[in-house]
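Converting from the sequence shown to our numbering requires adding 2 to each position, the first position being numbered 1. Glycine included, C-beta positions come from ideal geometry on N, C-alpha and C. These notes are about the structure you will find just below.
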Amino acid sequence: MSNKPEYMLQMKRKLLAGIFCLLIPAVGLLAQEKIIQLYSGKPPGSESWNWQEKRQDTNLFQTPVVYNVVQPTLAVFAPEAGKSNGTAIIIAPGGGFHLLSIDREGNDVAKWLAGRGVTAFVLRYRVVHTISDDPIKEMMAGLRDPKAFDSANKIVVPMAVADGLTAMDYVRKHASDFHIMPERIGFMGFSAGGTVTMGVAYHANPENRPNFIAPVYAYFPPDIGGKIHSEKMPAFIAAASDDQLGLAPHSITIYNNWLNAKQSAELHIYVRGGHGFGMKKQNLPTDEWIDRFGDWLKVEGLLKQP
């Protein structure tokens, strides 16, 4: 009788150890997203690029960034099994076409969306080559010479837009694989990613045209635009009046263009929040822009189960 408690204790320990061993791979699976290569070989236009993609976790922006993207990819963030509502969104992070704010304007947004039944894809598109190991410092130094900065960007912007269109094409063609509806695929982007968003919106064909867009504090140069598609493409637009780069008027232009084209649009201009607020918490109303985006998705019927 005296050995029974010890025997039971040993059994409990073995049982807990077994459960723990089973949980380890399960946790790993939840933490890892599927990575999709968008091109089978080297992407058109950058065949000579021979540098390697890198990541920087500690920097001036206080958020992880990815730079020197050579091979564009999509990272898939899928809802829990049985929770998908059939809607998908491709997310293009910002970073001045020199880097990608991969968490604050990418992965964190994707996780929020996946938690609400939306299958999210974070796009790593091609950016300007960074020579040093400090992409932010190098980018900030480049801004002191606007002409040279714009010249470098002009080379990669068409490539980034092409990557966005390729991503749209891939997701629509593989919609059934991800349990999503081909007529409910949207594209959103932040800052430079907003430029990619607008490039995709204007230059898509029927096969890779997004069903809705969400440019957030987008940089919208005149040469990226064109004729707006007549097919329905509602837009959610957000920015802050105190944007350090002065991009709030760009969002207003997009909004007016959409209204003039008889397209549905919703615009949020916050008095404070600065540029690049993304999923950053600042104890400001911009902290809740993502909730307003969720409200808009609901109004557009994009959170309904099919």
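Taking 8 Å as the line, does the beta carbon of residue 246 fall inside it for any heavy atom of the ligand COA?
Looking at this structure, you won't find the ligand COA or any other ligand, since it has none at all.
Is the stretch 202 to 216 in contact with the stretch 172 to 189, if contact means three or more CB pairs nearer than 8 Å?
Touching, yes.
Using beta-carbon positions only, say whether residue 58 and residue 69 come within less than 9 Å of one another.
Walking along the sequence shown from the start, residue 58 turns up at place 56. Walking along the sequence shown from the start, residue 69 turns up at place 67. Yes. Within cutoff.
Report buried or exposed for residue 155, applying the criterion of at least 16 other Cβ atoms within 10 angstroms of its Cβ.
On the sequence shown, position 153 is the one that residue 155 refers to. The residue is buried, with at least 16 neighbouring Cβ atoms inside 10 Å.
For residue 293, I'd like the list of residues in its chain whose CB is within less than 8 Å of its CB, leaving aside the five on either flank, ordered along the chain.
As a position in the sequence shown, residue 293 is number 291, starting the count at 1. Excluding positions up to five away in sequence, the list is empty.
In three-state DSSP terms, what is residue 267?
The count along the sequence shown starts at 1 and reaches residue 267 at position 265. Strand, per DSSP.
When the Cα atoms are used, what is the spatial distance from residue 192 to residue 94?
Walking along the sequence shown from the start, residue 192 turns up at place 190. Walking along the sequence shown from the start, residue 94 turns up at place 92. Going by the C-alpha atoms only, they are around 7 Å apart.
Report yes if the CB atom of residue 256 is closer than 9 Å to the CB atom of residue 271, and no otherwise.
Indexing the sequence shown from 1 puts residue 256 at position 254. Indexing the sequence shown from 1 puts residue 271 at position 269. Taking 9 Å as the Cβ cut-off, residue 256 and residue 271 do not qualify as a contacting pair.
For residue 236, which of helix, strand or coil comes out of DSSP?
Taking the first residue of the sequence shown as 1, we reach residue 236 at position 234. Residue 236 falls in the coil class under three-state DSSP.
Provide the residue(s) that pair with residue 75 in DSSP beta bridges, ordered along the chain.
Residue mapping note: residue 75 aligns to position 73 of the sequence shown, counting from 1. Answer is 39 and 126.
Which whole-angstrom value is the C-beta distance of residue 72 and residue 38, which I expect to be below 8 Å?
Numbered from 1 along the sequence shown, position 70 holds the residue referred to as residue 72. Numbered from 1 along the sequence shown, position 36 holds the residue referred to as residue 38. The Cβ separation is near 15 Å, so there is no contact.
Can you find the residues in the same chain that come closer than 6 Å, C-beta to C-beta, to residue 181, ignoring five residues on each side of it along the sequence?
The residue labelled residue 181 in the question sits at position 179 within the sequence shown. For residue 181, where only same-chain residues beyond five positions count, the Cβ hits under 6 Å are 86.
Enumerate, from N- to C-terminal direction, the unbroken alpha helix (DSSP H) stretches of 4 or more residues contained entirely within the stretch 169 to 229.
Here the runs fully enclosed are 194 to 205.
Could you tell me the alpha carbon to alpha carbon distance between residue 279 and residue 288, rounded to whole angstroms?
Taking the first residue of the sequence shown as position 1, residue 279 is located at position 277. Taking the first residue of the sequence shown as position 1, residue 288 is located at position 286. Approximately 7 Å, taken between the alpha carbons.
Can the beta-carbon of residue 242 be found less than 9 Å from the beta-carbon of residue 195?
For the purposes of this step, residue 242 is taken as residue 240 along the sequence shown, with counting starting at 1. For the purposes of this step, residue 195 is taken as residue 193 along the sequence shown, with counting starting at 1. Taking 9 Å as the Cβ cut-off, residue 242 and residue 195 do not qualify as a contacting pair.
By DSSP, does residue 133 sit in helix, in strand, or in coil?
Counting from 1 along the sequence shown, the entry for residue 133 is found at position 131. Three-state DSSP puts residue 133 in coil, outside helix and strand.
With three or more beta-carbon pairs closer than 8 Å as the criterion, would you say the stretch 158 to 169 touches the stretch 126 to 135?
Taking 8 Å as the limit for Cβ pairs, the verdict is that the stretch 126 to 135 does touch the stretch 158 to 169.
The beta strand (DSSP E) spanning residue 68 covers which residue range?
Here residue 68 is taken as the residue at index 66 of the sequence shown, counted from 1. Its beta strand (DSSP E) spans residues 67 to 69.
Excluding the five sequence neighbours on either side, which residues of its own chain have a C-beta within less than 7 Å of the C-beta of residue 198, listed in chain order?
For the purposes of this step, residue 198 is taken as residue 196 along the sequence shown, with counting starting at 1. Around residue 198: 94, 127, 162, 163, 166 and 191.
Mark residue 109 as exposed unless 16 or more other C-beta atoms lie within 10 angstroms of its C-beta, in which case mark it buried.
As a position in the sequence shown, residue 109 is number 107, starting the count at 1. It counts as buried.
Are residue 238 and residue 173 touching if we call contact CB-CB under 9 Å?
Numbered from 1 along the sequence shown, position 236 holds the residue referred to as residue 238. Numbered from 1 along the sequence shown, position 171 holds the residue referred to as residue 173. Result no, Cβ atoms of residue 238 and residue 173 do not sit closer than 9 Å.
For residue 48, is the classification buried or exposed, using 16 other Cβ atoms within 10 angstroms of its Cβ as the cut-off for buried?
Here residue 48 refers to the residue found at position 46 when the sequence shown is read from its first residue. Under this definition residue 48 is a buried residue.
Rounded to whole angstroms, what is the Cα-Cα separation between residue 176 and residue 147?
In the sequence shown, residue 176 corresponds to position 174, counting from 1. In the sequence shown, residue 147 corresponds to position 145, counting from 1. Between residue 176 and residue 147, the C-alpha separation is close to 43 Å.
Locate the beta strand (DSSP E) running through residue 104, then write down its first and last residues.
As a first step, residue 104 must be located in the sequence shown, where it is residue number 102. Counting along the chain, residue 104 falls outside any beta strand (DSSP E), and DSSP gives it neither H nor E.
Go ahead and pull the three-state DSSP assignment for residue 28.
Position 26 of the sequence shown, counted from the first residue, corresponds to residue 28. The predicted model places residue 28 with a pLDDT of 36, which falls under 50 and marks its position as unreliable; any figure quoted below should be read in that light. In the structure shown, residue 28 sits in a helix (DSSP, three-state: H, G or I).
Let's see if you can read the secondary structure: which residues bound the alpha helix (DSSP H) around residue 94?
Along the sequence shown, read from residue 1 onward, the residue named residue 94 stands at position 92. Segment 90 to 94 is the beta strand (DSSP E) holding residue 94; no alpha helix (DSSP H) there.
Looking only at C-alpha atoms, which of 252, 208 and 263 sits nearest to residue 229?
Taking the first residue of the sequence shown as 1, we reach residue 229 at position 227. That would be 263, whose Cα lies nearest to the Cα of residue 229.
Would you list the one or two residues that DSSP bridges to residue 257?
Position 255 of the sequence shown, counted from the first residue, corresponds to residue 257. The partner list for residue 257 (beta bridge, DSSP) is empty, contrary to what the question assumes.
Between the C-alpha atoms of residue 53 and residue 137, what's the straight-line distance to the nearest angstrom?
Start at 1 with the first residue of the sequence shown, and residue 53 comes out as number 51. Start at 1 with the first residue of the sequence shown, and residue 137 comes out as number 135. If I take the Cα positions, the gap works out to 14 Å.
Could you please give me the residues that DSSP links to residue 57 through a beta bridge?
Counting from 1 along the sequence shown, the entry for residue 57 is found at position 55. Note: residue 57 sits in a beta bridge opposite 68.
Between residue 117 and residue 74, is the Cβ-Cβ spacing less than 9 Å?
The residue labelled residue 117 in the question sits at position 115 within the sequence shown. The residue labelled residue 74 in the question sits at position 72 within the sequence shown. Going by C-beta atoms, residue 117 is not nearer than 9 Å to residue 74.
Rounded to the nearest angstrom, what separates residue 297 and residue 233 at their Cα positions?
Within the sequence shown, residue 297 is the residue found at index 295, counting from 1. Within the sequence shown, residue 233 is the residue found at index 231, counting from 1. Approximately 23 Å, taken between the alpha carbons.
Would you identify the three-state DSSP class for residue 162, choosing helix, strand or coil?
Position 160 of the sequence shown holds residue 162. Of the three classes helix, strand and coil, the one that applies to residue 162 here is helix, per DSSP.
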